[in-house]
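Peer 1:
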Amino acid sequence: MNSPLPVSVASQAELLLQQQQQQQQQQQQQQKLLQAQQQHQQQLQQLQQLQRMQQQLQQGQLQLRNQIQQPQQQQLSAAQSPSHMDLVQVPRFQQRGFMEGDFDYLKYLTYEELGHRMSSLDSEMEREIEDLRRRYHAKRQPILDAMDAKKKRQQNF
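In the numbering used here, the protein residues as written are 322 to 478.
1) My understanding is that Q350 touches K471, with C-beta atoms under 8 Å, so please give their C-beta distance in whole angstroms.
2) Between the C-alpha atoms of Q475 and S444, what's the straight-line distance to the nearest angstrom?
3) Per DSSP, what kind of secondary structure is L430 in: helix, strand or coil?
4) Is the CB-CB distance between L354 and I464 below 8 Å?
5) Go ahead and pull the three-state DSSP assignment for D452.
6) Throw me the rounded Cβ distance for the Q384 and L430 pair, which I believe falls under 8 Å.
7) Assign D308 to one of three DSSP states: helix, strand, or coil.
8) Return the CA-CA distance between Q369 and L453, expressed in angstroms with no decimal places.
9) Given a cut-off of 8 Å, decide if R448 and Q380 are closer than it, judged by their beta-carbon atoms.
10) So for D423, helix, strand or coil by DSSP?
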């Protein structure tokens with residue numbers, strides 16, 4: 322009768338050891354998943370910031386293009402007056418605009434240019450938001466799947 326008792330104690334000890342190892346592995350995997358999720362969130366924030374900067378840069382380029390396309394007569398008369406220097410210095414406003422969020426350069430745009438920007442803004446933003454949602458869900462779904470698999474394994478165990 323003495324021999325079956327140590328075997329069951331040994332098997333229980335092995336089971337406990339296996340359970341502890343599995344728990345440690347699960348904790349490590351959960352930590353990795355959390356780190357990956359945090360990294361994805363940081364990347365998403367960086368991407369959003371880059372997209373805002375890109376949009377502001379595109380707006381500044383549009384402004385420059387519009388100023389270059391002004392009638393040649395206005396440019397010739399403006400070239401002799403001090404106001405021409407204001408036109409030449411516009412890129413500084415744009416650089417400051419997308420770097421610091423300063424949109425003072427917008428007051429130099431014509432009403433038509435501002436109207437055009439407003440009319441295209443909603444559709445452009447919706448497109449960017451939808452694109453961000455797709456990429457976010459593409460990154461998020463594998464994490465959720467892994468978490469669900471962990472829960473199912475824990476429930477089955």
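From the three backbone atoms N, C-alpha and C, an ideal C-beta is built for every residue, glycine too.
Peer 2: Result, derived from the coordinates:
1) For this step, residue 350 is matched to residue 29 along the sequence shown. For this step, residue 471 is matched to residue 150 along the sequence shown. Confirmed, Cβ separation roughly 7 Å.
2) Position 154 of the sequence shown, counted from the start, is the residue given in the question as residue 475. Position 123 of the sequence shown, counted from the start, is the residue given in the question as residue 444. The alpha-carbon separation between Q475 and S444 amounts to approximately 46 Å.
3) Translated into the one-based positions of the sequence shown, residue 430 becomes position 109. Here L430 sits in coil by DSSP.
4) Taking the sequence shown and counting its residues from 1, the one referred to as residue 354 is at position 33. Taking the sequence shown and counting its residues from 1, the one referred to as residue 464 is at position 143. The answer is yes: Cβ separation under 8 Å.
5) Along the sequence shown, one-based indexing puts residue 452 at 131. Three-state result, D452: helix.
6) The residue given as residue 384 occupies position 63 in the sequence shown. The residue given as residue 430 occupies position 109 in the sequence shown. About 6 Å separates the two Cβ atoms, so the contact holds.
7) Residue 308 lies beyond the residue range present for the chain, which begins at 322 and ends at 478; the question has no answer from this structure.
8) Position 48 of the sequence shown, counted from the first residue, corresponds to residue 369. Position 132 of the sequence shown, counted from the first residue, corresponds to residue 453. Between Q369 and L453, the C-alpha separation is close to 8 Å.
9) Mapped onto the sequence shown, residue 380 falls at position 59. Mapped onto the sequence shown, residue 448 falls at position 127. One thing to note: Q380 has its Cβ no nearer than 8 Å to the Cβ of R448.
10) Taking the first residue of the sequence shown as position 1, residue 423 is located at position 102. DSSP places D423 in coil when its eight states are reduced to three.
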